[in-house]
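Residues in the sequence shown are numbered from 38 upward in steps of one, following my numbering. We treat Cβ as the ideally placed atom computed from N, Cα and C, and that holds for glycine. These notes are about the structure you will find just below.
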Amino acid sequence: MDKHVIVGGKVLNGEVKISGAKNSALPILVACLLSEEPISIANIPHLQDVTTIMELLGRMGSHLTIKDHMIIEVDTSKVTDCVAPYELVRTMRASILVLGPLLARFNQAKVALPGGCAIGSRPVDLHVQGMCRLGAEIEMREGYIYASAPQGLRGAEIYFEKVTVTGTENLMMAAALARGTTILNNAALEPEVVDLANFLNSMGARIEGAGTSRIEIEGVEKLSGCHYSVIPDRIETATYLVAGAITGGRVTVKNTDPRLLPSVLEKLEATGASLDIKPRSITLDMRGNRPKAVDIDTRPFPGFPTDLQAQFMALNTIAEGTAVICEHIFENRFMHAEELRRMGADIRVQGNQAVCHGVNHLTGAPVRATDLRASASLVLAGLVAHGETIVDRIYHIDRGYECIEEKLSQLGADIHRIVQKKTSSK
Ligand code: UD1
């Protein structure tokens, strides 16, 4: 398994370009299943999760072509196989997103149940209940969701008991081709939901209210081809800003959109960083100062994103003062705390709360990534730790960060990858 080797202590300084949002690219690629016409999508990030979704679409019979600058052309006119097999779903839970489009266009789907996950149990019951409300018949057996809608889907009013991002997206895609009107209440407000709605509307869907808790979708007969560009990745944006803050440096993130990060930019300012915010870039300047501790309370958008909790915990480990971090979205999302403690962090976890007393310095150590954002927090800690940090299992980070070692090196970090050769079983 590949590892990152980081020698800490470099003050980061420079500019970095932000890639397209992973959590937009995945549903948008999947939504191509809703149209028989070719679609081209720009600003797709080059990530393992994108490769997985492309493989999934390919196995169903889609034709995908990667053009220059990661523009992907998708042609799903020859799709015949409406199955998402377990071996792909277990590597990427977002594969559940094919359920809605397959049911809407082909009236059937067989999708593996994702099962447990490092950060929590993460059920998909709200996706399934929603599809039933749209008239799907669903049976769970042998680890699979078997769904069919012999008469086609029909619009309905749906209330989500819990705010769910991919649940909202799945239902929005299904409803786009259902007969009649669907109302989604208590829908997720995340920018990636809005991006998907804009994409669907550019295919000819009739969706209003995305970005609010009530989304209205008037089903249409057919969706057409289009060209679309994915929004910038807000989690990647903030991760590089934290890299600047944790090392006392000055980092400019380009090709991004500050409007995607309301609560996060406030927290960065609270660390003592000065921010220069432009329409497509943000410069964070820490002026060599140690950051101040900031409390974190993860919430659905526009609250503080759970996907940045681990990175801000890394920042708090060396900050001045004490921070209380509350995780409200996933029940087991503190696995990185134990690894950070191995580097000398003072963190006490109790239930969904972690209390982090800032220490004067961390010490490099071998650590193990447990999930995507946890791995980012370990890399951030490695940037500021004394000595060498080796982060193992970085396949997690490759799921969500494009060329992370190149981008960090460009900012002056001392980081490289050790590629572990696969050993033959003979
Ligand atoms: C998405 C993001 C992920 C982010 C998360 C929360 C993608 C591909 N992934 O994940 O990066 O961390 O939003 O912002 O966009 N829940 C249920 N039943 C369901 C669905 C969800 O109980 O059917 C619960 C979950 O266990 C969790 C909460 O709802 O406690 C929110 O999860 P959800 O918003 O669905 O996360 P994802 O869409 O899987």
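Could you pull the start and end residues of the beta strand (DSSP E) that residue i belongs to?
i, result
"Thr-320", "319-322"
"Leu-360", "Note on residue identity: the sequence assigns Ala, not Leu, to residue 360. Unbroken beta strand (DSSP E) run through Ala-360: 359-363."
"Asp-112", "109-112"
"Leu-101", "100-103"
"Thr-218", "218-222"
"Arg-159", "Taken as a continuous stretch (DSSP letters only), Arg-159 belongs to no beta strand (DSSP E), as it is neither H nor E."
"Val-87", "Looking at the DSSP string, Val-87 is not in any beta strand (DSSP E); the run it does join, the alpha helix (DSSP H), is 85-97."
"Met-464", "Outside the shown range of the chain (38 to 463) lies residue 464, about which nothing can therefore be said."
"Val-42", "40-44"
"Ser-77", "76-79"
"Ala-184", "181-185"
"Glu-194", "194-196"
Only counting the same chain, and skipping five residues up and downstream in sequence, which positions put a Cβ closer than 7 angstroms to that of residue i?
i, result
"Phe-236", "Ile-65, Ala-68, Tyr-265"
"Lys-463", "A caution first: Lys-463 carries a pLDDT of 38, below 50, which makes its placement in the model unreliable, though a value can still be read off. Within the same chain, Lys-463 has no close Cβ partners at all."
"Ile-272", "Pro-342, Asp-344, Leu-345"
"Gln-447", "Gly-51, Val-53"
"Gly-419", "Ile-43, Gly-45, Gly-401, Thr-426, Val-428"
"Arg-436", "Leu-84, Gln-85, Asp-86, Leu-409"
"Arg-142", "Leu-70, Leu-71, Leu-214"
"Asp-451", "Ile-43, Val-44, Lys-47"
"Arg-405", "Glu-376, Asp-429, Arg-430"
"Arg-336", "His-365"
"Ala-212", "Leu-171, Gly-192, Thr-219, Ile-254, Gly-256"
"Asn-238", "Ile-244"
"Glu-442", "His-41, Ile-452, His-453, Arg-454"
"Gly-217", "Arg-191, Gly-192, Gly-256"
"Pro-295", "Leu-302, Ile-314, Ile-319"
"Asp-322", "Arg-287, Ala-310, Ser-311"
"Arg-178", "none"
How is the alpha helix (DSSP H) around residue i delimited, first residue to last?
i, result
"Ile-55", "Careful: Ile-55 lies outside any alpha helix (DSSP H) and carries neither H nor E."
"Cys-169", "162-170"
"Gln-348", "346-354"
"Met-209", "202-213"
"Arg-142", "136-143"
"Glu-124", "123-126"
Grab me the residues of residue i's own chain with a C-beta within less than 8 angstroms of its C-beta, minus the 5 sequence neighbours each way, in chain order.
i, result
"Gly-449", "Lys-47, Val-48, Leu-49, Asn-50, Gly-51, Gly-286"
"Val-148", "Val-120, Ala-121, Val-126, Ser-132, Ile-133, Val-135, Leu-136, Leu-139, Tyr-181, Ile-182, Ala-184"
"Leu-233", "Ser-61, Pro-64, Ile-65, Ala-68, Glu-206, Met-209, Met-210, Ala-247"
"Gly-204", "Val-161, Leu-163, His-164, Gly-167, Phe-197, Ala-225"
"Gln-457", "Met-38, Asp-39, Lys-40"
"Leu-352", "Val-279, Ala-282, Ile-283, Thr-308, Pro-328, Val-331, Leu-417"
When you measure from the CB of residue i to every non-hydrogen atom of ligand 3, does any distance come out below 7 angstroms?
i, result
"Thr-276", "Ligand 3 is not part of the structure shown, which contains ligand 1 as its ligands."
Starting from the C-beta of residue i, find all residues in its chain whose C-beta is less than 6 angstroms away, skip the five residues before and the five after it, and write them out in chain order.
i, result
"Lys-444", "Val-53"
"Arg-327", "Glu-357"
"Glu-73", "Ser-114"
"Ile-220", "Glu-194, Glu-253"
"Glu-176", "Tyr-183"
"Met-97", "Val-116, Asp-118"
"Ala-173", "Leu-140, Ala-184, Ala-186"
"Lys-304", "Val-331"
"Met-129", "Asp-86, Thr-89"
Quiz item: Touching or not, the region 108-115 and the region 171-190, by the rule of three or more beta carbon pairs under 8 angstroms?
Solution: Not touching, per the Cβ criterion.
Quiz item: In the region 368-455, which residue ranges form an unbroken alpha helix (DSSP H) of at least 4 residues, counting only runs that do not cross its ends?
Solution: Segments of the alpha helix (DSSP H) lying fully in the region 368-455: 372-379, 409-421, 432-435, 441-447.
Quiz item: Okay, do the region 127-138 and the region 159-179 touch, 3+ Cβ pairs below 8 angstroms being the bar?
Solution: With the cut-off at 8 angstroms, the region 127-138 and the region 159-179 touch.
Quiz item: Which ranges does the alpha helix (DSSP H) cover as unbroken runs of at least 4 residues, wholly within the region 238-314, from first to last along the chain?
Solution: The alpha helix (DSSP H) runs of length 4 or more contained entirely in the region 238-314 are, from start to end of the chain, 271-283, 299-307.
Exercise. Would you be able to state if there are at least three C-beta pairs under 8 angstroms between the region 358-368 and the region 388-401?
Key: By the Cβ test, the region 388-401 is in contact with the region 358-368, since at least three Cβ pairs between them sit closer than 8 angstroms.
Quiz item: Is the region 80-93 touching the region 241-258 in the sense that three or more CB pairs, one from each, lie closer than 8 angstroms?
Solution: Flag = no, the region 241-258 and the region 80-93 do not touch.
Quiz item: If we count Cβ pairs, one from each stretch, closer than 8 angstroms, do we get three or more for the region 345-354 versus the region 371-385?
Solution: A contact between stretches requires three or more CB pairs, one per stretch, nearer than 8 angstroms, and the region 345-354 meets this requirement with the region 371-385.
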